[in-house]
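A.B. asks: Have a look at this one before I ask anything.
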């Protein structure tokens with residue numbers, strides 16, 4: 455990370471009664487960074503976002519924004535603004551009044567206030583909707599008003615709590631692009647909470663993956679996908695073949711193992727430390743395995759039997775058992791060469807990239 | 005897309021890996037906060053008030069304190085009074101059970117208590133049985149007019165408690181509307197004297213008064229009933245009667261219990277109805293309590309009567325709840 | 004050809020009958036209040052306004068009406084203010100002991116009024132207070148509170164809590180949020196609570212009977228008049244006015260409640 459820190463999360467715990475919602479979180483989010491909190495529901499990501507916004511207090515630990523401790527500072531005095539999951543558009547005010555809501559307290563004068571509201575409306579392409587009442591907007595329009603209402607306050611940090619989850623698929627994909635574009639354009643820190651791994655992967659500079667109140671990994675999207683730190687992270691972000699292995703050893707920056715039915719393999723740790731090799735596990739993404747068609751040659755080659763076949767339109771997923779070895783592989787192959795016609799029960803040859811194996815803490 | 009797993013599921017706990025530069029090692033940061041070992045009283049109070057529990061208690065405290073001061077406080081005083089005795093205007097605060105002996109064994113009070121219980125239980129069951137189809141109708145066939153139906157049905161309950169009872173006196177009276185009407189039509193030649201001033205008149209009037217109130221909890225529990233359960237039962241071969249007995253009735257038992265309680269407990273202490281239409285034979289315990297706090301001026305005895313009534317009606321209520329819970333199990 | 008009515012039609016007939024019987028005694032009083040006879044009996048003899056006219060010059064009745072107005076307005080306002088606190092705590096905060104606390108506030112709904120009345124009487128007299136309109140207001144506040152809480156809880160549930168958080172997030176203080184977001188959103192429920200509790204107070208007899216001392220409210224005044232058979236037609240006309248007033252107030256409350264509900268439907 456090259457930029458200076460904007461948000462520092464230091465040893466933050468949160469207990470609800472006896473339930474530990476957040477457990478010793480540490481993270482630093484940089485200035486101008488698009489940072490995502492990704493995890494299944496109940497993992498604590500929204501709680502952490504609300505703490506940054508000031509709607510919940512940590513049970514212990516502290517949060518700094520722009521170098522200042524936020525302990526005891528209410529939401530109205532923080533340099534953050536939030537886009538709520540429900541958007542929370544005030545239904546008794548019209549769009550322009552919604553956007554001007556926070557500006558009213560700044561006493562900017564009527565002209566300046568109107569100018570900023572107009573700019574904000576333009577920014578989210580809602581120039582025509584100023585007089586429309588808050589309860590007469592579509593989902594996409596609400597989302598834009600919520601965004602404009604927060605951005606007009608010129609926050610240092612914009613917090614987004616699952617802002618796209620209420621939108622239908624096409625609009626959601628369009629808004630992903632727009633949000634990313636907007637963030638680059640204004641250059642402030644965005645913190646996004648989402649449970650959608652594709653949303654996090656496509657929009658973020660970095661992602662924190664959370665499970666059970668803990669951060670499992672913080673890294674750039676590509677790193678998270680290609681080199682997940684733990685089995686849980688790997689599983690949450692797309693499919694992963696977890697392989698039966700023996701003689702797993704870690705030395706220096708490399709690891710080596712014997713995979714029954716596949717052979718001896720080696721790989722790079724890629725910066726990871728495996729604290730407990732006995733519980734570590736080897737994996738390979740299904741798209742890193744390829745079918746070797748008749749007449750083709752390849753090295754290495756693994757042979758197995760097709761146990762199941764699932765058709766997904768452009769691709770087909772095959773479940774392959776390597777007989778007698780308790781080794782099961784899932785392969786995703788495009789349908790260009792007829793993967794969708796391979797009969798269940800037939801023998802199949804598979805090859806893989808030698809550097810595609812990764813080791814994860816189990 | 006599913007991946008094949010060759011090993012048993014991983015343990016739930018996640019070990020964060022120490023990837024340099026990815027998870028900040030802030031424990032080494034010299035500016036990391038040192039938790040205060042001790043907090044002063046004021047600090048811990050302000051911390052409590054900022055906590056969720058503190059904010060909750062602070063917000064609810066005005067109405068809660070009011071209810072404590074004007075409901076719990078007075079009830080404690082009444083309970084205390086019931087163990088004292090009174091000689092003309094002076095209260096003797098030595099502990100005695102004499103009032104309870106009188107309240108529970110003297111025939112006049114015992115009969116009044118039993119009659120009040122009989123009336124309130126009867127009224128509760130009559131009201132609920134009559135109201136159930138109405139709640140059913142509104143919930144199942146009310147469509148978009150459910151709110152309007154509920155409003156229409158509950159309005160009489162909200163307006164003119166005293167006047168509704170008066171109205172029944174006018175209807176049932178010896179020279180009242182029913183008698184004069186029937187005589188005018190030639191159905192009877194002499195006014196019927198059995199219409200008013202008895203237990204039946206009290207039951208009719210109370211059942212009418214409370215009809216609307218029983219509908220609300222029944223309606224709520226019918227609304228909560230997932231309609232697809234009835235479809236599932238039909239799909240599995242149950243006819244309308246069996247569907248009602250096996251699905252609707254067991255699942256609305258909580259509503260039935262609430263409706264029974266919300267009618268039974270307040271009616272046991274009704275004062276105006278027995279006074280206006282009950283006559284000599286329809287006197288209830290509330291009239292006796294009022295006399296002790298009025299003319300007879302024996303507060304401790306009145307207090308003991310009130311406390312006994314509440315305890316006994318609670319016991320009866322508990323028994324009914326248990327019986328209905330048992331019924332629910334039988335219906336399964 | 005089928006002669007047997009369908010179960011659904013039977014149910015409809017039952018509902019109509021039920022509602023008719025429900026309203027019959029309520030509508031009977033106004034009918035006899037216009038009947039030109041000193042006792043309410045059938046057949047009706049003739050139409051008259053004289054029972055209403057005689058109310059006009061009745062100073063005692065007007066005094067009672069004034070008392071009822073004071074008590075009703077005070078109880079309604081106080082109960083709505085306390086109700087906002089309770090409803091807010093119930094809907095917006097999670098805390099240990101919320102169940103028992105709200106049960107206590109709602110308890111007067113189910114307690115026999117005579118119990119509440121005598122306990123208050125004993126305590127208030129014990130504290131050396133004179134029975135007056137104030138003591139009636141204290142009592143009415145207790146029984147109005149559950150209704151306020153019920154109406155306002157649904158009001159609070161009707162709008163997204165993140166509206167208030169959004170206001171704080173946009174720089175507004177707690178008080179400013181109350182003024183600019185909470186109260187405007189809650190307005191229909193507040194009006195509904197005021198109207199419903201005023202109606203309850205206007206109609207309430209037992210507590211007023213025990214606690215009013217020498218200043219009767221309308222129901223207490225009516226009770227006093229019942230001793231005199233000759234005053235019955237006057238009571239009927241006064242009662243009819245009261246019922247009409249209650250109906251108007253309740254209808255208004257219902258309209259406001261629905262307005263609040265409509266706001267809820269537009270929740271994102």
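Protein chains in written order, with my numbering: chain H, 455 to 816; chain C, 5 to 336; chain S, 4 to 271.
For every residue, glycine included, the Cβ atom is placed at its ideal position computed from N, Cα and C.
Skipping 5 residues on each side, what residues in its chain have a beta carbon closer than 8 Å to that of residue 283 of chain C?
C.D. replies: For residue 283 of chain C, where only same-chain residues beyond five positions count, the Cβ hits under 8 Å are 200, 201, 202 and 205.
A.B. asks: I'd like to confirm something about residue 505 of chain H: is its beta-carbon nearer than 8 Å to some heavy atom of the ligand HEM, or not?
C.D. replies: Among the ligands in the structure shown, none appear at all, so the ligand HEM cannot be discussed.
A.B. asks: DSSP three-state call for residue 781 of chain H: helix, strand or coil?
C.D. replies: Strand at residue 781 of chain H.
A.B. asks: Between which two residues does the beta strand (DSSP E) harbouring residue 665 of chain H extend?
C.D. replies: From DSSP, the beta strand (DSSP E) with residue 665 of chain H extends over 660-665.
A.B. asks: What would DSSP say about residue 705 of chain H, mapped onto helix, strand or coil?
C.D. replies: Residue state, collapsed to three classes: strand.
A.B. asks: To which residues of the same chain is residue 655 of chain H closer than 8 Å at the C-beta, ignoring the five residues directly before and after it?
C.D. replies: Here the set comprises 661, 675, 678, 679 and 691.
A.B. asks: On the DSSP letters alone, give me the boundaries of the beta strand (DSSP E) that residue 696 of chain H sits inside.
C.D. replies: Unbroken beta strand (DSSP E) run through residue 696 of chain H: 695-697.
A.B. asks: For a cutoff of 9 Å on Cβ pairs, would you count residue 221 of chain C as touching chain S?
C.D. replies: No, because no Cβ of chain S sits closer than 9 Å to the Cβ of residue 221 of chain C.
A.B. asks: So, is residue 730 of chain H buried or exposed, given that buried needs 16 or more other C-beta atoms within 10 angstroms?
C.D. replies: Per the 10 Å Cβ criterion, exposed.
A.B. asks: Let me check understanding here. Comparing Cα to Cα, which of H:506, H:498 and H:518 lies closest to residue 459 of chain H?
C.D. replies: Residue H:518 is the option with its Cα nearest to residue 459 of chain H.
A.B. asks: Identify every run of the alpha helix (DSSP H) within the region 46-109 of chain S, keeping only runs that are complete inside it and at least 4 residues long; order them along the chain.
C.D. replies: Those alpha helix (DSSP H) runs which fall completely within the region 46-109 of chain S and span 4+ residues are 53-59, 62-95 and 101-109.
A.B. asks: Are residue 669 of chain H and residue 481 of chain H close, meaning C-beta to C-beta below 9 Å?
C.D. replies: Going by C-beta atoms, residue 669 of chain H is nearer than 9 Å to residue 481 of chain H.
A.B. asks: At which residues does the beta strand (DSSP E) containing residue 91 of chain C begin and terminate?
C.D. replies: From DSSP, the beta strand (DSSP E) with residue 91 of chain C extends over 89-91.
A.B. asks: Can you tell me the Cβ-Cβ gap for residue 189 of chain S and residue 205 of chain S, rounded? I've got them flagged as a contact below 8 Å.
C.D. replies: 23 Å between Cβ atoms; not a contact.
A.B. asks: Considering residue 590 of chain H, what are the terminal residues of the alpha helix (DSSP H) in which it resides?
C.D. replies: Element bounds for residue 590 of chain H: n/a, residue is neither H nor E.
A.B. asks: Flag this pair as touching only if the region 150-170 of chain S and the region 179-193 of chain S have three or more C-beta atom pairs under 8 Å; answer yes or no.
C.D. replies: At 8 Å Cβ cutoff, the stretches touch.
A.B. asks: Can you pull out the residues from the region 163-182 of chain S whose beta carbon lies closer than 9 Å to at least one beta carbon of chain H?
C.D. replies: Per Cβ criterion, the list reads 163, 164, 165, 166, 167, 168, 169, 170, 171, 172, 173, 174, 175, 176, 177, 179 and 180.
A.B. asks: Suppose the cutoff is 7 Å on Cβ atoms and the five residues either side in sequence are ignored; what does the same chain contact list for residue 197 of chain C look like?
C.D. replies: Closer than 7 Å at Cβ, skipping near neighbours: 178.
A.B. asks: In chain C, which residues lie less than 8 Å from residue 88 of chain S when you measure between Cβ atoms?
C.D. replies: Result: 63, 64, 65, 66 and 67.
A.B. asks: Excluding the five sequence neighbours on either side, which residues of its own chain have a C-beta within less than 8 Å of the C-beta of residue 195 of chain C, listed in chain order?
C.D. replies: Around residue 195 of chain C: 178, 179, 183, 184 and 187.
A.B. asks: Unbroken beta strand (DSSP E) runs of length 3 or more, entirely within the region 458-510 of chain H: which are they?
C.D. replies: As far as the region 458-510 of chain H is concerned, its whole beta strand (DSSP E) runs of at least 3 residues are 459-470, 473-484 and 488-492.
A.B. asks: Whole angstroms are fine: how far does the CA of residue 70 of chain C sit from the CA of residue 29 of chain C?
C.D. replies: Bear in mind that a pLDDT of 34 at residue 29 of chain C, under 50, signals an unreliable position, so the number given afterwards is only what the model happens to contain. Rounded to whole angstroms, residue 29 of chain C to residue 70 of chain C spans 53 Å at the Cα level.
A.B. asks: Chain H partners of residue 43 of chain S, CB-CB under 7 Å?
C.D. replies: The contacting residues do not exist; residue 43 of chain S stays about 50 Å from chain H at best.
A.B. asks: Rounding to the nearest angstrom, what Cα-Cα distance links residue 615 of chain H and residue 536 of chain H in this structure?
C.D. replies: Roughly 7 Å between the two C-alpha positions.
A.B. asks: Can you give the Cα-Cα distance for residue 593 of chain H and residue 621 of chain H, rounded to whole angstroms?
C.D. replies: Going by the C-alpha atoms only, they are around 6 Å apart.
A.B. asks: Decide yes or no for the touch test of the region 160-177 of chain C against the region 290-306 of chain C: beta carbon pairs closer than 8 Å, at least 3 of them.
C.D. replies: No, the region 160-177 of chain C is not in contact with the region 290-306 of chain C.
A.B. asks: Suppose you measure from the CA of residue 19 of chain S to the CA of residue 568 of chain H; what does that come to, to the nearest Å?
C.D. replies: In a straight line, the C-alpha of residue 19 of chain S is about 59 Å away from that of residue 568 of chain H.
A.B. asks: Indicate the three-state DSSP secondary structure (helix, strand or coil) for residue 275 of chain C in the structure shown.
C.D. replies: Note: residue 275 of chain C maps to coil in three-state DSSP.
A.B. asks: Considering Cα atoms alone, identify which of S:145, S:97 and S:125 is closest to residue 107 of chain S.
C.D. replies: Per the Cα distances, S:145.
A.B. asks: Which of the residues in the region 214-237 of chain S, read from start to end, lie with their CB under 9 Å from any CB of chain H?
C.D. replies: Listed by position, the residues of the region 214-237 of chain S near chain H (Cβ gap below 9 Å) amount to none.
A.B. asks: Give the DSSP bridge partners of residue 332 of chain C, in chain order.
C.D. replies: Answer is none; residue 332 of chain C lacks a bridge partner.
A.B. asks: Suppose you measure from the CA of residue 113 of chain C to the CA of residue 115 of chain S; what does that come to, to the nearest Å?
C.D. replies: Using only the alpha carbons, I get a separation of about 18 Å.
A.B. asks: Within 10 angstroms of the Cβ of residue 747 of chain H, are there 16 or more other Cβ atoms? Answer buried if so, exposed if not.
C.D. replies: Flag for residue 747 of chain H reads exposed.
A.B. asks: So residue 169 of chain C and residue 157 of chain C are supposed to be a Cβ contact under 8 Å. How far apart are they, rounded?
C.D. replies: Wrong, their Cβ atoms sit about 19 Å apart, outside the cutoff.
A.B. asks: Between the region 183-196 of chain S and chain H, which residues of the former have CB atoms less than 9 Å from a CB of the latter, in chain order?
C.D. replies: Result list: 183, 184, 187, 188 and 190.
A.B. asks: Note down the Cα distance separating residue 103 of chain C from residue 320 of chain C, rounded to an integer number of angstroms.
C.D. replies: Using only the alpha carbons, I get a separation of about 22 Å.
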